[in-house]
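Numbers in the numbering used here are just positions in the sequence shown, counted from 1, shifted up by 125.
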Amino acid sequence: MSTLAERLRDVMRSGGSASRNPPYDPAGDDVGRPGAAEIPSTADPVRRPGAAEIPSTADPAPASSAADTLGGEWCDALGQRFLVVDRKYPPGHRHGRVSVADSLPPSDGGWNALGLLAGGPTPTGRLLFVDLETTGLAGGAGTCAFLVGCGWFDGGTFRIRQFFLSSVAGERVLLQAVAGLAGEAGAVVTYNGKTFDLPLIETRFLFHRMQTPFAGMAHIDMLHPARRLWRSNEEGPDRAQGGCRLTMVEETQLGHVREGDVPGFEIPGRYFHYVRTGDARPLDAVLEHNRLDILALAMMTARAAQMLEEGPGAARTAREALGLGRLYERAGRTADARASYARAAGMTQAEPLTRADALRSLAVLARRNRQYDDAAAAWQRLLDVRRCPLHLRREATEALAVHHEHRLRDLATARRFALEALQLEVSRARTDAVRHRLARLDRKLGGVSQEPTVLF
Numbered sequence: 126m127s128t129l130a131e132r133l134r135d136v137m138r139s140g141g142s143a144s145r146n147p148p149y150d151p152a153g154d155d156v157g158r159p160g161a162a163e164i165p166s167t168a169d170p171v172r173r174p175g176a177a178e179i180p181s182t183a184d185p186a187p188a189s190s191a192a193d194t195l196g197g198e199w200c201d202a203l204g205q206r207f208l209v210v211d212r213k214y215p216p217g218h219r220h221g222r223v224s225v226a227d228s229l230p231p232s233d234g235g236w237n238a239l240g241l242l243a244g245g246p247t248p249t250g251r252l253l254f255v256d257l258e259t260t261g262l263a264g265g266a267g268t269c270a271f272l273v274g275c276g277w278f279d280g281g282t283f284r285i286r287q288f289f290l291s292s293v294a295g296e297r298v299l300l301q302a303v304a305g306l307a308g309e310a311g312a313v314v315t316y317n318g319k320t321f322d323l324p325l326i327e328t329r330f331l332f333h334r335m336q337t338p339f340a341g342m343a344h345i346d347m348l349h350p351a352r353r354l355w356r357s358n359e360e361g362p363d364r365a366q367g368g369c370r371l372t373m374v375e376e377t378q379l380g381h382v383r384e385g386d387v388p389g390f391e392i393p394g395r396y397f398h399y400v401r402t403g404d405a406r407p408l409d410a411v412l413e414h415n416r417l418d419i420l421a422l423a424m425m426t427a428r429a430a431q432m433l434e435e436g437p438g439a440a441r442t443a444r445e446a447l448g449l450g451r452l453y454e455r456a457g458r459t460a461d462a463r464a465s466y467a468r469a470a471g472m473t474q475a476e477p478l479t480r481a482d483a484l485r486s487l488a489v490l491a492r493r494n495r496q497y498d499d500a501a502a503a504w505q506r507l508l509d510v511r512r513c514p515l516h517l518r519r520e521a522t523e524a525l526a527v528h529h530e531h532r533l534r535d536l537a538t539a540r541r542f543a544l545e546a547l548q549l550e551v552s553r554a555r556t557d558a559v560r561h562r563l564a565r566l567d568r569k570l571g572g573v574s575q576e577p578t579v580l581f
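Given below as structure tokens:
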């Protein structure tokens, strides 16, 4: 495998010549796929597998080319430049079934329920929706954000500003512009940003010895509320993100289906093509992909916040009601959580697993609040659920055995539930615990068993 030093020597020998505008062929570009190098080269037109690549510090295209193609304007600072692309979406703009007007926050500020999404106090100030497009999908110190997309509500409109890195030398001034915009925000909203976007961009600020504007700022990572509210129980390709890829939620909740969207694995390769050739045409679809991500993120956040403010009755499905209950419970709003769980459990069209999860949550919440009869009623309803998962059935029978033994003093019924639990045990520790319970119940019953105890 070529070392970095060998690569540099090859560049010096070749004189850095490259074809200016070869046709873009994503199938022939291996960068951006698992195991591919994450730093682009501008000098060597031959892409050797595994070879490290270094971006040029010179602007690879005439000043007007990328700006005209992508519909932006160059910004110059400290002798370096980056491209800024602005878009404005009016109130009537529709994204599937939802319009910008449907998603606007209250006129007096943000939604009060944002604290439930953030898992802390309600953030104040402007929400800044952030999404990155990067030179690699795995992250790491060698990965740069070549496109930083930022969106925010501005009066009755929604605005998106994209900062495009035309050459690596402009990264510092680009980050300064991002920091200026972020400094006006009270909270940042991302999708999987806690794992990927914010750590990556904060690493780039650190690399340039700059203070990150996101330090101490409230952060709402909508991936986690979306999993609670809209995750599918079905197996499929979305399971990698808990059944909640952004495009999946965008389709099911907003009714917008993307046509001709750029696959994520192809995005780094399109940027590397631009760096080598100066041809920005393949990047037009990348910037549109980024804008759609930000627009969908903003409308999804608005939908979740509106549901939380309206209460359990706003849930359209059992999955939404169950998710609302968990968000309310995490925030300590017990009454709203109980009402949400009850709504989910009472929906006749609910999937068996969703209904069982709702009943289990209802029972645990009631037990925590010392409402033992209500808890037992929920456990009993759970056992009646068709295709109830084994682990939930086992938990319900054990809980009912405890309830009848220690609270109702109905030893015969407690023994019946313990016997049922014994048939469902899969671990040795749990089996031993149930056998111990049966032995104790037999002693309390005076050694006279109403049913034979099967020990195996």
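We put the beta carbon where it would ideally sit given N, CA and C, even for glycine.
Between which two residues does the beta strand (DSSP E) containing residue i stretch?
| i | result |
| --- | --- |
| L449 | Here L449 belongs to no beta strand (DSSP E); instead the alpha helix (DSSP H) covers 443-455. |
Suppose you measure from the CA of residue i to the CA of residue j; what does that come to, to the nearest Å?
| i | j | result |
| --- | --- | --- |
| K569 | F321 | 58 Å |
| M373 | V298 | 35 Å |
| D386 | Q496 | 52 Å |
| G438 | G276 | 30 Å |
| T194 | D409 | 7 Å |
| G308 | V411 | 26 Å |
| R441 | C200 | 46 Å |
| N237 | R519 | 39 Å |
| G295 | A467 | 55 Å |
| L508 | W355 | 25 Å |
| L563 | D535 | 14 Å |
| L566 | Q505 | 21 Å |
| G261 | T402 | 19 Å |
| A192 | G234 | 35 Å |
If residue i sits next to residue j, beta carbons under 8 Å apart, how far is it from one beta carbon to the other, in whole angstroms?
| i | j | result |
| --- | --- | --- |
| S228 | M424 | 5 Å |
| G196 | V209 | That pair is no contact at about 10 Å. |
| L325 | F207 | Their Cβ separation, rounded to whole angstroms, is 17 Å, which puts L325 and F207 out of contact at 8 Å. |
| D256 | L422 | 7 Å |
| V223 | L379 | 5 Å |
Within the continuous alpha helix (DSSP H) that includes residue i, where are the two ends?
| i | result |
| --- | --- |
| F330 | 323-332 |
| V559 | 553-569 |
Ordered along the chain, which non-local residues of its own chain (more than five positions away) have a Cβ less than 6 Å from that of residue i?
| i | result |
| --- | --- |
| G443 | Per the sequence shown, the amino acid found at residue 443 is Ala instead of Gly. If we look at A443 and ignore the five residues flanking it on each side, its Cβ neighbours are A469, M472, A475, T479. |
| A500 | A488, A491, R492 |
| C513 | A481 |
| K319 | D346 |
| V225 | Y214, P216, H218, F283 |
| H381 | H220, G221, E375 |
| T522 | F542, E545, A546 |
| L420 | H220 |
Excluding five sequence neighbours on each side, which residues of the same chain lie with their C-beta closer than 8 Å to the C-beta of residue i?
| i | result |
| --- | --- |
| L306 | L253, C275, R286 |
| V303 | V273, C275, F288, I326, P338 |
Might you give, ordered along the chain, the residues of its own chain that have their beta carbon closer than 7 Å to the beta carbon of residue i, omitting 5 neighbours on each side?
| i | result |
| --- | --- |
| F339 | A307, V313, L323, E327 |
| R383 | T372, L417 |
| R251 | W277, E309, A310, G311 |
| A526 | A539, F542, A543, A546, R562 |
| H97 | Only positions 126 to 581 of the chain appear in this structure, which leaves residue 97 out of reach. |
| P246 | G240 |
| L517 | A481, R485, L507 |
Would you say residue i touches the ligand COA, meaning its beta carbon is less than 6 Å from a heavy atom?
| i | result |
| --- | --- |
| P350 | Inclusion of the ligand COA in the displayed structure is not the case, the ligand content being empty and no account of it being possible. |
query = Just checking, does the region 303-322 make contact with the region 452-462 on the three C-beta pairs under 8 Å criterion?
reply = no
task = Inspect the CB distances between the region 436-453 and the region 399-417 and report whether three or more fall short of 8 Å.
result = no
message = Count Cβ pairs between the region 254-271 and the region 389-403 that sit closer than 8 Å; are there 3 or more?
response = yes
inquiry  = Tell me whether the region 239-255 and the region 428-442 touch, counting them as touching only if at least three CB pairs, one residue from each stretch, are closer than 8 Å.
reply    = yes
message = Between the region 278-285 and the region 206-220, can you find at least three pairs of beta-carbon atoms closer than 8 Å?
response = yes
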